[in-house]
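Our numbering puts the first residue of the sequence shown at 14, with every later residue one more than the last.
For glycine and all other residues, C-beta sits at the position ideal for the given N, C-alpha and C.
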Amino acid sequence: MYQPGMKSNNLLGLSCQELVELAESLSEKPFRGKQLYHQIYRRRISDFDAMTNLSKAFRTRLQDEYTITYPDVFKRTASADGTTKFLFRLEDGSFVESVYIPEESRDTLCISSQVGCDVGCTFCMTAQMGFQRNLRPGEILGQVLQIVRSGLAQPQGFNIVFMGMGEPLYNYQNLMKAFRILTDPEGIDISYRKITVSTSGIVPVLKKLAQEPKPPNLAISLNATTNEVRDRVMPVNRKWPLEELLQACREFPLDSRRRITMEYVLLKEENDSIEDARRLAGLLRGISVKVNLIPYNPNPGLSHRRPEEERIQRFRSILQELNVPHFIRKTRGDDVSAACGQLAYLEKSPSLATEPVLHTP
Ligand code: SAH
Ligand code: SF4
């Protein structure tokens, strides 16, 4: 069985250059590698035999030595509102979750970057898993390709948000390799403007991201207006406090139409006061942002509470008065635990091995 770090014969996740080198190593012309890249990502074919523009001999060679394997759909759960949660089983037996969220204006695909997470935010279920490992580029892309294969949508028809399990900026290399294939017109061909990376605020990596020629949209999990509260609910703040994080946001290059999304999970009596709303407006002055207010999604065993509607509206009206662009995120898929911060595969059920594997149509 595949183990992290072991050489895999799965071609999913390889760049065009790597596939060209692979073709050459098999005594094929470099453009055969480009054709292979096109078949894997643009045409989303995973059966070498169906790649009829490649010679029979090359196909047979590939078939004998390599695979194009998407993560297995272990379970697919649809919510009453159409939100669909996918539980994927990876080659080493780890699990990650992705969520497909249909919306009126645009659909959103929320994907994972790591198995678990070690940032330790006190309100988040993924934190309860601890960190297990980084996802490889093919495992990031595989979530997207498998959901496309399930028939829910075409790649050009949705936005992608890295708001599933894990801290994407702690898996920067693999994230960016997947991002380049996702956005490559010869690859999966999704506009970089339709992809958002959400981070708890890993400032040195944020600065690296700012240097990318075509960076994704940025979302920051802010979640507090003082270092005292943020240190407590997001321990990462002790390393990179609010001032440093907001300075890195000020320096992040944005073209005229873009804004940074500031995610703010509303936690009752912790960060939802009138003073917090005012402080938030003050902190964000001069930064091109839109605030995404996310009423806390309760999780078993975690001590936070969701504010009542009245408190949420009070917070919102202060942002309104102070002219801070904002919106309240509607909770989606909470009946299947697919809402923000509820993704975690914690069960170590002995029945796991016998549970039916649900393959997508
Ligand atoms: N690690 C990244 C991306 C994954 S978390 C990050 O932290 O940004 C995606 C979003 O879910 C974050 O904005 C986080 O603050 C939010 N979140 C986590 N737990 C939540 C909960 N229980 N209720 C509502 N939002 C939550
Ligand atoms: Fe990790 Fe994000 Fe959850 Fe914090 S909110 S523990 S960074 S996944």
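Buried versus exposed call for residue i [16 or more other C-beta atoms within 10 Å across all chains shown]
i	result
Leu158	buried
Gly143	exposed
Phe71	buried
Lys42	exposed
Arg45	buried
Ala191	buried
Ile164	Residue identity differs from the one stated: residue 164 is Gly in this sequence, not Ile. So Gly164 ends up on the exposed side.
Asp268	exposed
Arg119	exposed
Pro217	exposed
Ser234	buried
Ala36	buried
Pro30	Checking the displayed sequence, the identity of residue 30 turns out to be Gln instead of Pro. Its Cβ having fewer than 16 others within 10 Å, Gln30 is exposed.
Asp289	buried
Gly214	buried
Phe61	buried
Ala261	buried
Asn66	exposed
Ala63	exposed
Glu104	buried
Glu321	exposed
Glu180	buried
Nearest candidate by alpha-carbon position, reference residue i, set the options
i	options	result
Val278	Val174, Ile203, Arg55 and Thr135	Thr135
Ser107	Glu152, Lys190 and Ser286	Glu152
Pro313	Leu359, Ile325 and Gly346	Leu359
Leu27	Ser316, Pro150 and Pro320	Pro150
Pro338	Ser350, Glu322 and Leu297	Leu297
Pro226	Gln30, Ser234, Val33 and Phe265	Phe265
Met275	Asp105, Asn305 and Glu321	Asn305
Gln52	Ile331, Ile273, Ile194 and Lys220	Ile194
Val174	Pro229, Ile215 and Pro254	Pro229
Met178	Gln224, Tyr205 and Cys130	Cys130
Ile300	Glu116, Asp197, Lys221 and Arg271	Arg271
Leu122	Met176, Asn147, Thr238 and Gln76	Met176
Tyr205	Ser316, Ala232, Leu259 and Asn172	Asn172
Arg319	Pro308, Arg327, Arg329 and Gln326	Pro308
Leu332	Glu117, Val302 and Pro115	Val302
Ser316	Gln76, Lys343, Ala237 and Val246	Val246
Leu222	Asn236, Ala237 and Leu188	Leu188
Residues near residue i in its chain [Cβ-Cβ closer than 8 Å; skip 5 each side]
i	result
Asp347	Ser92, Asn310 and Gln355
Lys361	Interpretation of Lys361 is limited by its pLDDT of 47, a score under 50 that renders its predicted location unreliable; the figure taken from the coordinates is listed afterwards. If we look at Lys361 and ignore the five residues flanking it on each side, it has no Cβ neighbours.
Leu371	Bear in mind that the predicted position of Leu371 carries a pLDDT of just 35, short of 50, making it unreliable; the figure below should be weighed with that in mind. Excluding sequence neighbours, Leu371 sits near Val86, Phe87, Lys88 and Arg89.
Lys220	Ala261 and Glu264
Gln55	It should be noted that the sequence gives Arg, not Gln, for residue 55. Closer than 8 Å at Cβ, skipping near neighbours: Glu199, Gly200, Ile201 and Asp202.
Ala232	Val174, Met176, Thr209, Val210, Ser211, Thr212, Ile273, Thr274, Met275, Glu276 and Asn305
Gln76	Phe61 and Asp62
Ile325	Leu279, Asp285, Leu306, Pro308 and Ile341
Sequence-distant residues of the same chain with beta carbon closer than 6 Å to residue i, five excluded per side
i	result
Ser59	Ile81
Leu335	Ala294
Leu39	Arg74
Ile341	Leu306
Val349	Thr90, Ser92 and Lys98
Leu49	Leu32
Pro254	Asn240
Pro115	Gly95
Phe328	Asp285 and Ala290
Arg292	Thr238
Same chain, Cβ closer than 7 Å to residue i, five either side skipped, listed in chain order
i	result
Val161	Arg57, Gln167 and Pro168
Asp94	Arg345 and Gly346
Gly155	Leu25, Tyr83 and Pro84
Asn22	Glu78, Tyr79 and Thr80
Leu47	Checking the sequence shown, residue 47 turns out to be Lys, not Leu. Result list for Lys47: Cys29 and Val33, in chain order.
Gly133	Ala140 and Pro248
Gln145	Ser107, Val128 and Gly129
Ser364	Unreliable placement is indicated for Ser364, whose pLDDT of 38 sits below 50; the coordinate value is still reported in the next sentence. Taken in chain order, the list of residues that qualify is empty.
Residue i Cβ short of 7 Å to ligand 3 heavy atom set
i	result
Gln355	This structure simply doesn't include ligand 3; it includes ligand 1 and ligand 2 instead.
> Can you find at least 3 beta carbon pairs, one from the region 243-254 and one from the region 195-211, that sit closer than 8 Å?
Replying inline: no
>> Pairs of beta-carbons, one from the region 162-170 and one from the region 192-205, closer than 8 Å: are there three or more?
In response: yes
> Does the region 347-355 touch the region 136-155, meaning 3 or more C-beta pairs lie closer than 8 Å?
Replying inline: yes
>> Would you call the region 284-297 in contact with the region 228-246, where contact means no fewer than 3 C-beta pairs closer than 8 Å?
In response: yes
>> Quick test of the definition: if touching needs 3 or more C-beta pairs under 8 Å, does the region 117-131 touch the region 183-192?
In response: yes
> Mind pulling the beta strand (DSSP E) runs of 3 or more residues that sit fully within the region 270-301?
Replying inline: 273-279
>> Between the region 111-118 and the region 95-102, can you find at least three pairs of beta-carbon atoms closer than 8 Å?
In response: yes
> In chain order, which beta strand (DSSP E) runs of at least 3 residues are fully inside the region 60-86?
Replying inline: Qualifying beta strand (DSSP E) stretches: none in this window.
> Mind pulling the alpha helix (DSSP H) runs of 4 or more residues that sit fully within the region 195-229?
Replying inline: 216-223
>> For a minimum of 4 consecutive residues, which ranges assigned as the alpha helix (DSSP H) are wholly contained in the region 92-123?
In response: none
>> Which complete beta strand (DSSP E) runs does the region 222-266 hold, if anything under 3 residues is left out?
In response: 230-234
> Which whole runs of the beta strand (DSSP E) in the region 143-173 are 3 residues long or more, in chain order?
Replying inline: 144-147
> Residue ranges of each beta strand (DSSP E) run of no fewer than 3 residues wholly in the region 328-367, ordered along the chain?
Replying inline: 339-341
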